[in-house]
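Visitor: In the numbering used here, the protein residues as written are 1377 to 1639.
Glycine residues also receive a C-beta, built at the ideal position from the N, C-alpha and C atoms.
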Ligand SMILES: [Fe+2]
Ligand SMILES: [Fe+2]
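Laid out in structure tokens, this is it:
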């Protein structure tokens, strides 16, 4: 069984600074991260719905338990991001907040439709494509300084650490119930394309408001690590179980354990 602990970490975003007065290259990482946060209340419930359907077909009780923990973690993530997103929308004039809302509604409609109309194979391919990409991102931020300039403070460290912690689950469920390598590649790529287009739409709305044009993220150590980790996910031998926890992640998770116990 994977070692996955659901942690109901609570954040107060009422006073959290929302600062987009940043160098352009930093904004090219920050704005997509804000876009990522804005997708969470729709993407993560979609993953949970997918895993609920998958759970009925999983014959391995250990994997079924991992899936339960995965869904509990994702449930805590999207609720915390919904609070942060409300704070982000409030930061902007009503017209910008309405534009953000309209994109959220379109994304939610897509995911509701996928749950209703698409096969479990499609939805598991999407889930694995998303989780592989997120784990690659989380590993790069854990290894090279995180997402410190993105509004939200410790939500990012917590979320990224738990994404690394549950990195095996979507892959294992995909292997258990689908198992096709070519389909993982095709569906994973198309799903990431679908997802990232929404991330960019959010980022561009905010960029237009602050007078920025979203460009390529910085090609620094974190950017290089992300590219390296991401390319590794496409190999036929890719298995997130082979990925070691980066230094500091276990300590970070232990810190959140203590925070939850004390609350
Ligand atoms: Fe998550
Ligand atoms: Fe996840």
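In whole angstroms, what is the alpha-carbon distance linking residue 1650 and residue 1611?
Guide: An answer regarding residue 1650 cannot be provided, because it is not within the stretch 1377 to 1639 covered by the chain.
Visitor: Whole angstroms is fine: what's the gap from residue 1536's alpha carbon to residue 1493's?
Guide: Counted from its first residue, the chain shown places residue 1536 at position 160. Counted from its first residue, the chain shown places residue 1493 at position 117. If you take the alpha carbons of residue 1536 and residue 1493, they lie about 30 Å apart.
Visitor: Restricting to runs no shorter than 4 residues, where is the alpha helix (DSSP H) found entirely within the region 1436-1468?
Guide: 1437-1467
Visitor: In three-state terms, what does DSSP make of residue 1557?
Guide: Translated into positions along the chain shown, residue 1557 becomes position 181. Residue 1557: helix per DSSP, three-state reduction.
Visitor: What is the C-beta distance between residue 1527 and residue 1402, in whole angstroms, given that I count them as a contact (C-beta under 8 Å)?
Guide: Position 151 of the chain shown, counted from the first residue, corresponds to residue 1527. Position 26 of the chain shown, counted from the first residue, corresponds to residue 1402. Not a contact, Cβ separation roughly 13 Å.
Visitor: Would you kindly report the start and end of the unbroken alpha helix (DSSP H) that includes residue 1431?
Guide: Here residue 1431 refers to the residue found at position 55 when the chain shown is read from its first residue. Note, residue 1431: alpha helix (DSSP H), 1400-1431.
Visitor: Can the beta-carbon of residue 1378 be found closer than 8 Å to that of residue 1544?
Guide: Counted from its first residue, the chain shown places residue 1378 at position 2. Counted from its first residue, the chain shown places residue 1544 at position 168. Yes. Within cutoff.
Visitor: What does the alpha-carbon distance come out to for the pair residue 1540 and residue 1438?
Guide: Locating residue 1540 in the chain shown gives position 164, counting from the first residue. Locating residue 1438 in the chain shown gives position 62, counting from the first residue. Straight-line Cα distance between these residues: approximately 19 Å.
Visitor: May I have all residues whose beta carbon comes closer than 6 Å to any heavy atom of ligand 2, sorted in chain order?
Guide: Qualifying residues, in the order they occur: 1450, 1507, 1510, 1539, 1542.
Visitor: Residue 1479 lies in the alpha helix (DSSP H); which residues open and close that run?
Guide: Within the chain shown, numbered from 1, the residue matching residue 1479 stands at position 103. Its alpha helix (DSSP H) spans residues 1470-1493.
Visitor: Under 8 Å Cβ to Cβ from residue 1419, same chain only, skipping five residues before and after it: list those, please.
Guide: In the chain shown, the residue the question calls residue 1419 occupies position 43. Cβ neighbours of residue 1419 beyond the five flanking positions: 1454, 1483, 1487, 1506, 1571.
Visitor: Using only alpha-carbon positions, find the residue among 1538, 1509, 1552, 1529 that is nearest to residue 1448.
Guide: Within the chain shown, numbered from 1, the residue matching residue 1448 stands at position 72. Measuring from the Cα of residue 1448, the nearest candidate turns out to be 1538.
Visitor: Hey, is the region 1581-1592 in contact with the region 1422-1429, meaning 3+ C-beta pairs nearer than 8 Å?
Guide: no
Visitor: Where does residue 1616 sit, in a helix, a strand or coil, going by DSSP?
Guide: As a first step, residue 1616 must be located in the chain shown, where it is residue number 240. Helix at residue 1616.
Visitor: Contact between the region 1407-1417 and the region 1571-1584: three or more CB pairs below 8 Å?
Guide: yes
Visitor: Please work out which residues of its chain come closer than 7 Å, Cβ to Cβ, to residue 1433, disregarding the five sequence neighbours upstream and downstream, and give them in chain order.
Guide: What you label residue 1433 is simply residue 57 of the chain shown in a count that begins at 1. So the qualifying residues of the chain are 1553.
Visitor: Quick one: grab the DSSP three-state call for residue 1631.
Guide: Position 255 of the chain shown, counted from the start, is the residue given in the question as residue 1631. Three-state DSSP puts residue 1631 in a helix.
Visitor: Residue 1605 by DSSP, collapsed to three states: which one?
Guide: Taking the first residue of the chain shown as 1, we reach residue 1605 at position 229. Helix.
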